[in-house]
Amino acid sequence: MADPLRSADKAPTFHDEERGPAGTLAAMLVETRSVMPAAGATGMSLMLAIAAMCFLASLALGAALSVGGKAREWTNDLSGSLTVEIKPSREMEPEEQVDAVMAVLARTPGIATATPLTFDDTAALLEPWLGGDVLAGDLPLPRLIDIAIDRTSPPDMAALAIDIAAAAPAAALDTHRQWRSEIVNAARSAEWLSYGVLALVAATTIAIVVFATRAGLSANRDVVEVLHLIGARDGFIASEVQRHFLHLGFRGGLIGAGAGAAAFLALGLAGAAGNLYLVSASGIGPEYLPALILIPFAAALVAVATARVTVFQTLERML
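Numbering (my numbering), first residue to last: 150 to 468.
This is the structure we're talking about:
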């Protein structure tokens, strides 16, 4: 425990109005002595608790960014492509229908490319769901035509669907609108869930810091009373507590964010090796790293702000 008399001797130099905001922040970052104890409820145990909260926050934030980015990528891919499905028909042979649809696409403005898929290509797409043994038999498969559209001047979808249906009796145009809607809804749900977990983690961290601050002040009640007797102001005591929690919050945030980044790296490697994930955990690209880097600073800010408010409220009840 810090010597109250030595701390009190330095009390005038810790008045916020004498140092200014920049001096206060510099002192909080550099100075390590504090009226708060280095162990107990406000020491290592608190830092580990903050680290655990920041680890969960990193996972929640990383998941939200990863899912959102992957959903936008899929939506952009689907919005720039169309598919024509040609089912077997007694009126026309499959190849005749493909040729008729290709003729329609060739004269339609806004179509960038159109590529008919062979039977082997379609079988390869269905094999993960139906299996190779089923596809090796006489199972009738539709013919597919993959279309890329010009996004600057897309074709009239309704008119194109009518022309394709008129050219081939068993052909239908798929604009992927339903897929885009389902992907967007699922992504939004996952994002809101992740941000909800993030808010819950922040609220839990605030509650932990409030409890630790009150416990620390109660355990050092005699020190606080001596400081007041020799002229220390509440601002000085608050700055001492703030500095203590700044160090704990920032260190805990670094540990938690580092563990979160390592977890995403491990999941990404596992997913890449075994193809285990629908949305790859390695989807946290460089553009998302600043958000994860900000977590230690956010943890320190939350700890400092919470501790300051709690100190003033507690001192009003103590003295």
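Beta carbons: idealized from backbone N, C-alpha and C, even for Gly.
Work out the CA separation of Pro258 and Arg300 for me, nearest whole Å. Indexing the sequence shown from 1 puts residue 300 at position 151. Indexing the sequence shown from 1 puts residue 258 at position 109. Answer to the nearest angstrom: the Cα atoms are 12 Å apart.
So which of Ala368, Gln462, Ile355 and Thr362 has the shortest CA-CA distance to Leu450? If you number the sequence shown from 1, residue 450 lands on position 301. Ranking the options by Cα distance to Leu450, first place goes to Ile355.
8 Å contact criterion, which Ala212 and Ile332 should meet: CB distance rounded: Position 63 of the sequence shown holds residue 212. Position 183 of the sequence shown holds residue 332. The Cβ separation is near 16 Å, so there is no contact.
Thinking C-alpha only, which one of Leu197, Gly192 and Met193 is nearest Gly405? As a first step, residue 405 must be located in the sequence shown, where it is residue number 256. It is Leu197 whose Cα lies nearest to the Cα of Gly405.
Out of curiosity, what's the CA-to-CA distance linking Leu403 and Ser228? The residue given as residue 403 occupies position 254 in the sequence shown. The residue given as residue 228 occupies position 79 in the sequence shown. So the two alpha carbons sit approximately 40 Å from each other.
Roughly how many whole angstroms lie between the Cα atoms of Ala255 and Ser230? Locating residue 255 in the sequence shown gives position 106, where the first residue counts as 1. Locating residue 230 in the sequence shown gives position 81, where the first residue counts as 1. Their Cα atoms are separated by approximately 16 Å.
For Ala335, the first and last residue of its enclosing alpha helix (DSSP H): What you label residue 335 is simply residue 186 of the sequence shown in a count that begins at 1. Per DSSP, Ala335 belongs to the alpha helix (DSSP H) from Arg326 to Ala368.
Per DSSP, what kind of secondary structure is Ile235 in: helix, strand or coil? Within the sequence shown, residue 235 is the residue found at index 86, counting from 1. Three-state DSSP puts Ile235 in a strand.
Thr264 in three-state terms, based on DSSP: Within the sequence shown, residue 264 is the residue found at index 115, counting from 1. Of the three classes helix, strand and coil, the one that applies to Thr264 here is strand, per DSSP.
Stretch-stretch touch, CB-based, cutoff 8 Å, three pairs: the region 441-461 with the region 382-395: They touch, by the three-pair rule.
Ser330 classed as buried or exposed, judged by whether at least 16 other C-beta atoms fall within 10 angstroms: Here residue 330 corresponds to residue number 181 of the sequence shown, with the count starting at 1. Answer is exposed; the Cβ neighbour count stays below 16.
Where DSSP assigns a beta bridge to Ser228, which residues make up the other side? If you number the sequence shown from 1, residue 228 lands on position 79. Beta-bridge pairing links Ser228 to no other residue.
Give a yes or no on whether the C-beta atoms belonging to Ile444 and Ala206 are separated by under 8 Å. Taking the first residue of the sequence shown as 1, we reach residue 444 at position 295. Taking the first residue of the sequence shown as 1, we reach residue 206 at position 57. Taking 8 Å as the Cβ cut-off, Ile444 and Ala206 qualify as a contacting pair.
Using the Cα positions of Val346 and Thr264, report the straight-line distance between them to the nearest angstrom. The sequence position of residue 346 within the sequence shown is 197, counting from 1. The sequence position of residue 264 within the sequence shown is 115, counting from 1. Their backbone Cα atoms lie some 45 Å apart in a straight line.
Considering Cα atoms alone, identify which of Gly217, Thr463 and Cys203 is closest to Phe474. As displayed, the chain neither begins before 150 nor continues past 468, which places residue 474 out of reach and without an answer.
By DSSP, does Ile379 sit in helix, in strand, or in coil? Taking the first residue of the sequence shown as 1, we reach residue 379 at position 230. Looking at Ile379 - three-state DSSP - the assignment turns out to be coil, as it is neither helix nor strand.
Whole-Å CB distance - Pro457 paired with Gln391, under 8 Å assumed: The count along the sequence shown starts at 1 and reaches residue 457 at position 308. The count along the sequence shown starts at 1 and reaches residue 391 at position 242. For the sequence presented, residue 457 should be read as Arg rather than Pro. Right, their Cβ atoms sit about 5 Å apart.
Give me the Cβ distance between Asp312 and Val253, rounded to the nearest whole Å; I'm assuming they're in contact under 8 Å. Taking the first residue of the sequence shown as 1, we reach residue 312 at position 163. Taking the first residue of the sequence shown as 1, we reach residue 253 at position 104. A Cβ-Cβ separation of about 5 Å places Asp312 in contact with Val253 under the 8 Å criterion.
On the premise that Ala336 lies in contact with Gly217, defined as a C-beta separation below 8 Å, what is that separation, rounded to the nearest angstrom? The residue you call residue 217 lines up with position 68 of the sequence shown. The residue you call residue 336 lines up with position 187 of the sequence shown. Right, their Cβ atoms sit about 6 Å apart.
Could you give the distance in angstroms between the alpha-carbon of Ala448 and the alpha-carbon of Asn225? Locating residue 448 in the sequence shown gives position 299, where the first residue counts as 1. Locating residue 225 in the sequence shown gives position 76, where the first residue counts as 1. Cα-Cα distance, rounded: 35 Å.
Among the residues of its own chain, which have a CB less than 6 Å from the CB of Tyr437, if the five just before and after it don't count? If you number the sequence shown from 1, residue 437 lands on position 288. Non-local C-beta neighbours of Tyr437 in its own chain, meaning closer than 6 Å and more than five positions away in sequence, comprise Leu214, ordered along the chain.
Excluding the 5 residues preceding and the 5 following Phe268 in the sequence, name in chain order all residues of the same chain whose CB lies nearer than 7 Å to its CB. Counting from 1 along the sequence shown, the entry for residue 268 is found at position 119. If we look at Phe268 and ignore the five residues flanking it on each side, its Cβ neighbours are Leu290.
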